[in-house]
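Peer 1: Going by numbering that gives the first Met the number 0, the first residue of the sequence shown is number 0, and it counts up by one from there. From the three backbone atoms N, C-alpha and C, an ideal C-beta is built for every residue, glycine too. A quick note: this is a predicted structure, and the numbers were derived from the prediction, not measured. Below is the structure I would like to discuss, written out as structure tokens.
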Amino acid sequence: MNSQPRYSIVAPIYNEEGNIALLYERIVQVMESTGEPWELVLVNDGSRDRSPEMMDELAGRDQRVKVLHFARNFGHQTAVTAGMDHASGDAVVLIDADLQDPPELILEMIERWKAGYQVIYAVREQRKGESWFKLFTAKWFYRVVYRITEIDIPLDTGDFRLMDRRVVDVMRQMREHNRFIRGMTSWVGFKQTGVNYVREARHSGETKYPLRKMLRFAMDAVTGFSFFPLQVMVYVALVLGILSLLAIPVIAFLRATLGVAFLGGQATTIALLLFLSAFQLFFLFILGQYVARVYDEARNRPLYVVALRRNFDEQSLPSPQHAREHPETE
Ligand code: UDP
Ligand code: MG
């Protein structure tokens, strides 16, 4: 059998029959130049074209190609997760199968990894061959969504990244169902850095992210890493409550002194209704806080991630299997 791979390249595949052969070819070329053992983990996310047969064919002639077939389409982020679960390298690289992410960049990532970084993400300097709609939505997605999330997710990064085994092991403990991989990688921490690249046009086929999937993806990003939507209610409640409280004496005063009746005499009633709405919104906000906490508990993420321990007797620590040795970075 093969020796334990040092690098695992993980690529999700959903109807990529036009890309698989070239992807394999370019990965082989790049990875052979490292002179170290590697594996390519291909995850078939319920493809309906010739991709599955092509993947099996590759696996048949190259032992380094590992193939996983999903029973149906579970979605990009889930496919990537399965690939990470099954990857055994000391460093795991996520890459899209459509060759929008140039495999050649992996060499630069490996260099940074050897220099002591645990996450090296690819930053798109420029995107080629994509519609103005995709460019526009992507730009605003990254800016708006990332602004309201609690963690620092670097702008203009996709899932193309290299992760150290320790980062992968922590992410494997995060079993949340609505997954936003690039947020999860940021959440884990460790030493992270970016490398720049120009995003090419799709080699073959078209985007597997229609608007519906894009919206869902954005929702996963927001709900996975921000309670902002549950908190924003409190501001609405405060503004509404204060305005209506101020309005009532003003309306009453004008009515009594000048005899002006607003809205056919209904103004006080309306202001009162607004005040009650504000009251309800406030309690919805409180309810939201409990929901947020239930969600936090249900997600069951690790409470913290330890990067390094000193002067602990390793034998006395529970679950030592999570502390694989990487002497070159410690
Ligand atoms: N993909 C997947 N399942 C899906 C949608 C996409 O595995 O339901 C894969 C797809 O084959 C590709 C990667 O995820 O390798 C990125 O998809 P795509 O290139 O269509 O996204 P875009 O680059 O347009 O954002
Ligand atoms: Mg693509």
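DSSP three-state call for R111: helix, strand or coil?
Peer 2: Counted from its first residue, the sequence shown places residue 111 at position 112. Three-state result, R111: helix.
Peer 1: Between T206 and the ligand MG, is there a pair consisting of the residue's CB and a ligand heavy atom that are separated by less than 7 Å?
Peer 2: Numbered from its first residue, the sequence shown carries residue 206 at position 207. Checking the Cβ of T206 against the ligand MG gives yes.
Peer 1: With a threshold of 16 other CB atoms inside 10 Å of the CB of I12, please say whether the residue is buried or exposed.
Peer 2: On the sequence shown, residue 12 is found 13 positions in, with the first residue counted as 1. Counting Cβ neighbours within 10 Å, I12 comes out buried, since at least 16 surround it.
Peer 1: Hey, does V122 have any beta-carbon neighbour from chain D nearer than 8 Å?
Peer 2: Here chain D cannot be found, since the structure has a single protein chain.
Peer 1: Report the partner residues of V194 according to the DSSP bridge assignment.
Peer 2: As a position in the sequence shown, residue 194 is number 195, starting the count at 1. In the DSSP output, where bridge partners are listed per residue, V194 has A121.
Peer 1: Between I180 and Q279, is the Cβ-Cβ spacing less than 8 Å?
Peer 2: Working through the sequence shown from its first residue, we reach residue 180 at position 181. Working through the sequence shown from its first residue, we reach residue 279 at position 280. Not closer than 8 Å, so no.
Peer 1: Please list the segments of the beta strand (DSSP E) lying wholly inside the segment 29-79, counting only runs of 3 or more residues, in order along the chain.
Peer 2: You should have 37-43, 64-68.
Peer 1: A81 by DSSP, collapsed to three states: which one?
Peer 2: Within the sequence shown, residue 81 is the residue found at index 82, counting from 1. Correct three-state label for A81: helix.
Peer 1: Measuring straight from C-alpha to C-alpha, what distance separates A81 and D95?
Peer 2: Locating residue 81 in the sequence shown gives position 82, counting from the first residue. Locating residue 95 in the sequence shown gives position 96, counting from the first residue. Going from the Cα of A81 to the Cα of D95 covers about 14 Å.
Peer 1: Run through the segment 212-300 for me and flag every whole beta strand (DSSP E) of 3 or more residues, listed as ranges in chain order.
Peer 2: The segment 212-300 contains no whole beta strand (DSSP E) run of 3 or more residues.
Peer 1: Mapping DSSP to helix, strand and coil, what is V143?
Peer 2: On the sequence shown, residue 143 is found 144 positions in, with the first residue counted as 1. Helix at V143.
Peer 1: Hey, is R111 close to the ligand MG, as in C-beta under 7 Å from one of its heavy atoms?
Peer 2: Taking the sequence shown and counting its residues from 1, the one referred to as residue 111 is at position 112. No, the Cβ of R111 stays beyond 7 Å of every heavy atom of the ligand MG.
Peer 1: I need the boundaries of the alpha helix (DSSP H) containing M162, first residue and last residue.
Peer 2: For the purposes of this step, residue 162 is taken as the residue at position 163 of the sequence shown. From DSSP, M162 is part of no alpha helix (DSSP H) but of the beta strand (DSSP E) over 156-163.
Peer 1: According to DSSP, what are the bridge partners of V167?
Peer 2: Here residue 167 corresponds to residue number 168 of the sequence shown, with the count starting at 1. DSSP, once it has assigned bridges, lists no residue as partnering V167.
Peer 1: For the beta strand (DSSP E) that contains V92, what are its first and last residues?
Peer 2: Numbered from its first residue, the sequence shown carries residue 92 at position 93. Its beta strand (DSSP E) spans residues 90-93.
Peer 1: When the Cβ atoms of the segment 34-48 are set against those of the segment 125-143, are three or more pairs found closer than 8 Å?
Peer 2: Touching, no.
Peer 1: Of the residues L22, S130, V91, E124, which one's Cα is nearest the Cα of M108?
Peer 2: As a first step, residue 108 is located in the sequence shown; it is residue number 109 there, counting from the start. Measuring from the Cα of M108, the nearest candidate turns out to be V91.
Peer 1: Name, in chain order, the residues that DSSP records as bridge partners for S130.
Peer 2: Mapped onto the sequence shown, residue 130 falls at position 131. Answer is none; S130 lacks a bridge partner.
Peer 1: Closest to I152 by CA distance: which of Y141, L273, G115, F281 is it?
Peer 2: For the purposes of this step, residue 152 is identified with residue 153 of the sequence shown, where counting begins at 1. I152 has its Cα closest to that of Y141, out of Y141, L273, G115, F281.
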